[in-house]
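Working notes for the structure below.
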Amino acid sequence: MKKLIIVLVSFMFILFFASCITNNEIDEMKRIDEISNRYNLKTIKKDEIPKNIIPIKVENSFELEYLLKEISKTNLNKSNVRFELTNKLTTKGYTSYYTAKFSKKITKNNLNIANIYFNVMADLKIFKDGSFGEILSYSNERCSLTGWTLAAKLEYPKASVEISSDKQSATLRGSGTVNLYLLIQNLIKLYSYDVSVSGTYKINY
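Numbering follows this note's numbering, in which position 35 of the sequence shown is assigned residue number 244; successive positions increment by one, without gaps.
In structure tokens:
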């Protein structure tokens with residue numbers, strides 16, 4: 210009789226803990242769904258992951274929310290800083306080429322993801338003759354992602370350059386959509402967000 214009671218009590222404990230685990234899993238999935246809706250995350254199939262992309266593994270809903278919150282706090286659409294392009298050329302009538310670049314950090318170094326940068330670049334053709342200098346033209350304007358990009362892909366990149374009327378400065382503007390791939394509870398989540406960066410280079414005498 211005593212053995213039967215022990216077996217019954219043990220079985221009840223097993224059922225209790227199994228029920229707790231099941232309830233915790235249900236609550237976790239509910240939190241993941243709620244976060245997904247709040248940040249417009251899309252659930253995709255494995256075969257929809259682009260080639261060479263390795264999703265970031267997120268352990269639980271709390272890590273997921275932390276990661277997305279940190280990204281959303283980053284000012285993705287404002288980076289307009291003026292830099293001076295120091296032209297040290299001394300040869301008379303000398304033309305040179307300079308790669309102008311502006312970057313914006315779009316993730317923070319947290320969890321198991323390092324920094325990702327969105328960049329806009331262009332090659333500037335610069336002429337200098339004594340105390341006179343000007344930006345003649347530009348070419349190869351482009352946008353890119355650098356840093357820890359195994360889990361991210363850039364779509365719809367757009368880059369433009371505007372040279373001032375006095376040819377003393379060039380303003381670069383870049384924009385695009387970053388697709389970030391996440392793995393949580395065996396689900397592949399896609400987080401898409403728009404980014405932009407701009408800046409002005411000025412000839413410095």
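Note that CB positions come from ideal geometry on N, CA and C, so glycine has one too.
Item	Value
Using CA coordinates, which residue listed in I344, Y248, M330 and T252 is at the minimum distance from P366?	M330
State the Cα-Cα distance for the pair I230 and R240, rounded to the nearest angstrom.	With a pLDDT of only 49 at I230, under 50, the local geometry of the prediction cannot be trusted, and the value read off the model is given with reservation. Looking at the two C-alpha atoms, the distance is approximately 15 angstroms.
For the beta strand (DSSP E) containing G383, name the first residue and the last one.	S378 to I393
Apart from the five residues just before and just after L250, which ones in its own chain have a Cβ nearer than 6 angstroms to its Cβ?	K398 and Y400
Should F327 go down as buried or exposed, given a rule of 16 or more other Cβ atoms within 10 Å for buried?	buried
Consult DSSP for I372 and reduce its assignment to one of helix, strand or coil.	strand
Restricting to runs no shorter than 3 residues, where is the beta strand (DSSP E) found entirely within the stretch 245-277?	251-253
Please say whether A361 and L333 have beta carbons closer to each other than 8 angstroms?	no
Using a Cβ-Cβ cutoff of less than 6 angstroms, which residues in the same chain neighbour V267 once the five nearest sequence positions on both sides are dropped?	L273, L391 and I393
Could you work out which residue in E343, G383, N388 and K254 is closest to D375 when comparing CA atoms only?	E343
Would F311 and G408 qualify as a contact pair, given that the criterion is a beta-carbon distance under 8 angstroms?	yes
Alpha carbon to alpha carbon, what distance is there between F341 and E371?	20 angstroms
Since S369 and E350 are thought to touch, with beta carbons under 8 angstroms apart, how far apart are those beta carbons, to the nearest angstrom?	6 angstroms
To the nearest angstrom, report how far apart K260 and D338 are at their CA atoms.	49 angstroms
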